[in-house]
Amino acid sequence: MSLTNLQIADLLARSAAEAESYRQRAYIKASRGALAWTEEAADVLESGRSLTELFGVGDKLARRIEGWMTEPPEVGDPPESRSGFSSRSVSSSIVDGHPDWRGAINADLQMHSTYSDGDVTLEGMAAASRELGYSYIALTDHSQGLKIAGGMSPEELRAQGRAIADLNDEMQDDGFRVLHALEMNISPSGEGDMEPEDLEGLDLVLGSFHSSLRTTDDQTYRYLAALRNPNFHVLGHPRGRMYATRAGLHANWRRVFAEAAKMGKAVEIDCNPNRQDLNAALASLAVDAGCYISIGTDAHSIRELSFIDMGIATALAAGAPRDRILNYMTADELVAWVRDRPQRSGQVG
Ligand SMILES: [Zn+2]
Numbered sequence: 013m014s015l016t017n018l019q020i021a022d023l024l025a026r027s028a029a030e031a032e033s034y035r036q037r038a039y040i041k042a043s044r045g046a047l048a049w050t051e052e053a054a055d056v057l058e059s060g061r062s063l064t065e066l067f068g069v070g071d072k073l074a075r076r077i078e079g080w081m082t083e084p085p086e087v088g089d090p091p092e093s094r095s096g097f098s099s100r101s102v103s104s105s106i107v108d109g110h111p112d113w114r115g116a117i118n119a120d121l122q123m124h125s126t127y128s129d130g131d132v133t134l135e136g137m138a139a140a141s142r143e144l145g146y147s148y149i150a151l152t153d154h155s156q157g158l159k160i161a162g163g164m165s166p167e168e169l170r171a172q173g174r175a176i177a178d179l180n181d182e183m184q185d186d187g188f189r190v191l192h193a194l195e196m197n198i199s200p201s202g203e204g205d206m207e208p209e210d211l212e213g214l215d216l217v218l219g220s221f222h223s224s225l226r227t228t229d230d231q232t233y234r235y236l237a238a239l240r241n242p243n244f245h246v247l248g249h250p251r252g253r254m255y256a257t258r259a260g261l262h263a264n265w266r267r268v269f270a271e272a273a274k275m276g277k278a279v280e281i282d283c284n285p286n287r288q289d290l291n292a293a294l295a296s297l298a299v300d301a302g303c304y305i306s307i308g309t310d311a312h313s314i315r316e317l318s319f320i321d322m323g324i325a326t327a328l329a330a331g332a333p334r335d336r337i338l339n340y341m342t343a344d345e346l347v348a349w350v351r352d353r354p355q356r357s358g359q360v361g
């Protein structure tokens with residue numbers, strides 16, 4: 013008898029619910045960490061190694077998990093906030109079986125730098141991405157409305173544009189390019205927090221909800237309003253869920269994805285293990301509706317750039333053809349897709 017990383021994550025989240033308040037955060041952090049482990053804990057033990065080799069696992073946590081492995085506790089189904097997730101170790105083994113999918117991917121289309129809430133400079137994220145083999149990335153720092161994430165004002169966005177242009181001049185000979193993009197905050201009524209003229213010159217705009225994410229009421233209206241907003245191209249982490257914290261928004265997904273396809277918008281597979289948003293079940297509905305898919309790690313550090321496998325595995329599970337995934341386009345093809353897309357959907361944008 014042994015447990016998967018997903019089951020361990022669930023047990024850690026259950027421990028949080030039973031722990032003293034000051035320990036709850038540590039357990040939630042550990043449960044999220046378990047989703048991001050690169051190897052199955054069972055395999056680590058099987059090969060005679062210590063669980064402390066896994067990211068974020070100390071001696072005490074290792075003993076607790078080993079106890080569970082020896083004698084798995086009886087638990088019921090996870091609550092909605094922990095349902096419909098996979099783990100990174102499983103995703104990586106799926107992608108290992110499709111080396112052409114990892115080899116052919118050209119870009120990571122969501123990441124953050126010190127221009128908003130990332131840990132690393134624009135130059136650092138670009139260099140690390142180039143080392144991973146990409147030919148381009150979309151740098152998607154937050155816009156002004158998301159104060160908690162240090163969102164950029166229009167002036168800061170323009171300054172970032174100049175820094176990216178300089179960097180692209182330097183990296184040109186390496187065949188690498190940074191697309192100037194933005195993760196624009198979208199209100200529940202579907203409006204962006206930047207004026208359309210502030211967005212001129214951007215290569216790509218993601219639109220994401222970051223507020224009123226805990227409501228359990230149907231939010232189809234919110235998605236339809238946002239998708240009809242012509243000022244962004246990709247709906248970022250569509251549900252806004254977070255492992256063990258919130259289940260994400262509810263909507264009539266067939267209607268939402270039909271509207272996205274009609275408006276020529278892509279929907280994102282956010283690769284962060286705690287988000288997995290869209291997951292395979294919803295991504296499959298989006299593919300069936302004819303949507304384009306955009307894969308982004310949502311990395312806020314260099315380590316998180318490696319989350320890309322979660323998105324590739326989700327796209328594979330959803331049956332997404334590569335010619336409908338923006339990341340498999342070249343930078344020029346993606347820029348052309350953004351440019352031509354409004355005509356394709358019959359919108360002026
Ligand atoms: Zn976001």
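In terms of my numbering, the sequence shown opens at residue 13 and continues consecutively. Backbone N, C-alpha and C define an ideal beta-carbon position, used for all residues, glycine too.
Apart from sequence neighbours up to five positions away, the residues of its chain that approach Ala278 with a beta-carbon distance below 8 Å are His245, Val246, Leu247, Ala272, Cys303, Tyr304, Ile305, Ser306 and Leu338, ordered along the chain.
Straight-line measurement puts the Cα of Gly115 at about 11 Å from the Cα of Asp321.
Judged by DSSP secondary structure, Thr82 falls within the alpha helix (DSSP H) whose first and last residues are Asp71 to Thr82. Going by DSSP, Asp181 is part of the alpha helix (DSSP H) stretching over Pro166 to Met183. When beta bridges are read from the DSSP output, Asn197 appears opposite Ser220.
Only residues of its own chain outside the window of five on either side were considered, and among them Gly173 and His192 have a CB closer than 8 Å to the CB of Gly213, listed in chain order.
About 7 Å separates the CB atoms of Ala295 and Ala327; that is less than 8 Å, so the two are in contact. At a threshold of 8 Å, Glu195 counts as near ligand 1, since its beta carbon sits closer than that to one of the ligand's heavy atoms. DSSP, read as helix, strand or coil, puts Glu92 in helix. A Cβ-Cβ separation of about 11 Å leaves Ile149 out of contact with Ala139 under the 8 Å criterion.
Cβ neighbours of Ser224 within its own chain (closer than 8 Å, five residues either side excluded): Pro200.
For Val132, there is no enclosing alpha helix (DSSP H), as DSSP marks it with neither H nor E. Secondary structure of Val279 (DSSP, three-state): strand.
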